[in-house]
Amino acid sequence: MKLFKPLVIIILGRPGSGKGTQAKLLAKKFGLEYIAIGDILRRRRKINDFTGKKLFKVMTKGELVPQFRITKIWI
25 MKLFKPLVII ILGRPGSGKG TQAKLLAKKF GLEYIAIGDI LRRRRKINDF TGKKLFKVMT
85 KGELVPQFRI TKIWI
């Protein structure tokens with residue numbers, strides 16, 4: 025039995041460096057799914073629970089979301 029190894033591309037960079045633009049171009053060219061953590065965080069902060077409230081508080085101040093919160097959302 026062959027194991028499937030999905031192609032995962034992670035693009036890192038400073039705000040405004042073109043990460044989203046490049047990721048969308050790669051997704052379109054190679055038929056990949058485009059996932060942006062910023063989009064996920066903005067949707068998640070609208071949920072009125074503990075995590076959503078914490079995200080709303082941090083993001084409203086324009087602060088960076090702590091890595092442990094991002095990891096919690098992914099798991």
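All the letters of the sequence shown, read from the start, carry residue numbers 25 to 99 under the working numbering. All C-beta atoms in this analysis are idealised placements derived from N, C-alpha and C, irrespective of residue type, glycine included.
- Message: Buried or exposed for Leu79, going by 16 or more other Cβ atoms inside 10 Å?
- Response: Counting Cβ neighbours within 10 Å, Leu79 comes out buried, since at least 16 surround it.
- Message: By the three-class DSSP mapping on this structure, what secondary structure does Asp63 have?
- Response: It is helical.
- Coarse secondary structure for Ile94, derived from DSSP in three states: Helix at Ile94.
- Task: For the alpha helix (DSSP H) containing Met83, list its first residue and its last residue.
- Result: That run of the alpha helix (DSSP H) goes 74–84.
- Close-in-space but distant-in-sequence residues of the same chain around Pro90 (CB under 8 Å, 5 per side omitted): Cβ contact annotation for Pro90 (same chain, cutoff 8 Å, sequence separation greater than five): Val82, in chain order.
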